[in-house]
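A short worksheet on the structure shown next.
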Amino acid sequence: MMHILYILYIVPYTPTPIRTRPYHLLRGLVARGHRVTLATLWESEGERAALADWQQLGVEVMAAPLSKTRAAWNSLLAVPTGIPMQASYCWQPQLAQALRAHMATAKTDVIHSEHLRGARYGLSLRPLAADQAGTPLVWDAVDSIAHLFQQASQHSRSRRSRWLTRLELGRTRRYEGWLVRQFQRVLVTSPVDRQAFAELAGLTSSDPANPLTVLPNGVDLAYFRPDEVKRDAATVVLSGKMSYHANVTAALHLLQDIMPLVWRRRPDTMVWIVGKDPPSRLCQLAAANPAHITVTGEVPDVRPYLQRATLAVAPVLYGAGIQNKVLEALACGAPVIASRQAVSALAGQPAQALIVADSAPDMAAAIVALLADPARQAELAQAGRAYVEQYHDWSDVAAQLEAIYAELIRQRRRD
């Protein structure tokens with residue numbers, strides 16, 4: 030292993046198992062022996078209490094509260110400035126001051142900030158990083174919010190989402206394009222997002238100034254795994270946070286466009302929509318058709334649904350980055366049918382591990398065919414699990430991040 034690094038890791042929300050990327054990257058870095066200081070924000074007493082788990086792992090924690098009122102005020106103040114509301118939403122001067130104090134006294138090899146909402150904290154430390162012989166600044170953009178907004182402005186089934194994304198689209202494009210050039214390395218989860226950022230920043234893949242690097246998401250293979258329980262007959266599951274507009278659009282597409290075609294041929298098919306904060310539109314569809322649709326709302330554990338359903342679907346019409354719902358279903362041994370958009374960010378050859386179908390008729394036909402083919406279900410279950418083991422193991426992703434840090438430190442020493 031490389032020598033121990035002192036990493037300042039800034040996340041604008043408390044890392045929990047639901048916030049998959051920072052949660053597993055932080056744990057991976059600690060497991061590899063590095064010293065990590067976590068700078069973060071908490072919105073509830075539950076999140077505040079969860080920070081003790083990081084301290085027990087040996088992580089130094091700097092945390093400040095961020096109320097919804099403060100976040101909303103931050104967004105309103107951004108409107109006349111030309112800065113995206115997303116970039117201002119999580120700004121907390123108390124945390125910024127703590128970061129400056131930390132930099133003045135502590136050894137820091139790498140400064141890592143996550144998401145568009147956390148980028149401003151990294152930017153605020155640039156002068157101090159320069160004073161420390163050019164401590165590398167890494168921005169984990171995760172995915173391009175401008176790319177997501179462009180799609181949402183066209184495809185979201187929520188008028189509010191379309192209006193907000195159109196309002197924010199221009200300023201987010203300009204800001205993300207500028208941000209790319211402010212950090213020594215910019216991480217994204219997929220080649221699609223890397224290309225989106227490159228276009229915003231006017232960079233080519235051969236440009237020596239191009240800082241964009243793909244660092245994919247992983248899946249917790251020990252947690253998400255197949256179970257011995259027999260799968261329910263003729264059940265289809267779609268999982269995800271149902272307050273997220275892209276997931277809501279996918280769920281409405283499934284229930285309104287795809288499943289009516291399935292029910293004509295397989296009227297016994299049940300659909301589970303699993304995820305917290307479903308909007309009233311989804312709940313109303315379930316109430317109108319309880320024999321065929323269950324909308325669970327928040328559940329303590331999504332795994333039983335992924336382990337019991339006959340198959341999982343991801344009829345995603347738009348999105349950015351990697352679809353964790355697909356990785357989790359594959360890891361649980363669920364046969365998966367997904368849109369091309371849902372799998373566009375996956376590594377390797379995912380088409381060997383799942384079925385790709387785009388239009389509503391094609392997706393419906395694929396569901397009907399797979400429900401009737403247990404042998405194909407078993408084949409896909411095995412191939413899907415093998416795929417995520419090969420390409421999306423979080424421990425491998427943490428090792429890739431460690432290598433990125435090491436390269437930046439070598440460059441600094443050469444310079």
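For my numbering, add 29 to where a residue sits in the sequence shown, where the first one is 1. We treat Cβ as the ideally placed atom computed from N, Cα and C, and that holds for glycine.
query                                                                                                                                                        : result
Rank SER368, ALA380, VAL171 and VAL372 by C-alpha distance to the C-alpha of ASP387 and give the top, closest one.                                           : SER368
Comparing C-alpha positions only, which one of HIS176, TRP207 and MET288 sits nearest to LEU232?                                                             : TRP207
Whole-angstrom Cβ separation of ALA382 and LEU409, contact assumed at under 8 Å?                                                                             : 7 Å
Please report the residue range of the beta strand (DSSP E) in which ALA92 lies.                                                                             : 89 to 94
At least one CB of chain C closer than 8 Å to the CB of ALA338: is that the case?                                                                            : Of the chains in the structure shown, none is chain C; there is only one protein chain.
Between which two residues does the alpha helix (DSSP H) harbouring LEU10 extend?                                                                            : As shown, the chain starts at 30 and ends at 444. That puts residue 10 outside it, with no answer to give.
Given a threshold of 16 other Cβ atoms within 10 Å of its Cβ, counted over all protein chains shown, does VAL258 qualify as buried or as exposed?            : exposed
With a threshold of 16 other CB atoms inside 10 Å of the CB of GLY326, please say whether the residue is buried or exposed.                                  : exposed
Report yes if the C-beta distance between TYR334 and SER268 is below 8 Å; otherwise report no.                                                               : yes
Based on the DSSP secondary-structure assignment, which residues constitute the bridge partners of GLY326?                                                   : VAL303
Residues in its own chain within less than 8 Å of ILE33 by CB, not counting five upstream and five downstream?                                               : GLY62, HIS63 and ARG64
Would you mind working out which of ASP82, LEU86, TYR118 and VAL88 sits nearest THR98, comparing C-alpha positions?                                          : TYR118
Assuming GLU143 is part of the beta strand (DSSP E), what are its boundary residues?                                                                         : 139 to 143
ARG295 and LEU399 look like a contact to me (Cβ under 8 Å); what is the Cβ gap, rounded to whole Å?                                                          : So it is not a contact: roughly 11 Å between Cβ atoms.
Excluding the 5 residues flanking HIS176 on each side, which residues of the same chain have their C-beta closer than 6 Å to its C-beta?                     : ALA225 and ALA349
For ARG414, tell me which candidate among VAL167, ASP138 and ASP256 has the shortest Cα-Cα distance.                                                         : ASP256
Which partner residues does TYR35 have in the DSSP bridge list?                                                                                              : ARG64
Below 8 Å between beta carbons: does that hold for ALA374 and VAL345?                                                                                        : no
To the nearest angstrom, how far is the alpha carbon of PRO220 from that of THR134?                                                                          : 38 Å
Classify TRP120 as helix, strand or coil using the three-state DSSP reduction.                                                                               : coil
Quick check on the burial criterion: 16 or more other C-beta atoms within 10 angstroms. Buried or exposed for LEU86?                                         : exposed
Count the C-beta pairs between the segment 149 to 166 and the segment 52 to 59 that are closer than 8 Å, then say yes if the count reaches three, no if not. : no
Just mark TYR252 as buried or exposed, buried being the case when its beta carbon has 16 or more other beta carbons within 10 Å.                             : exposed
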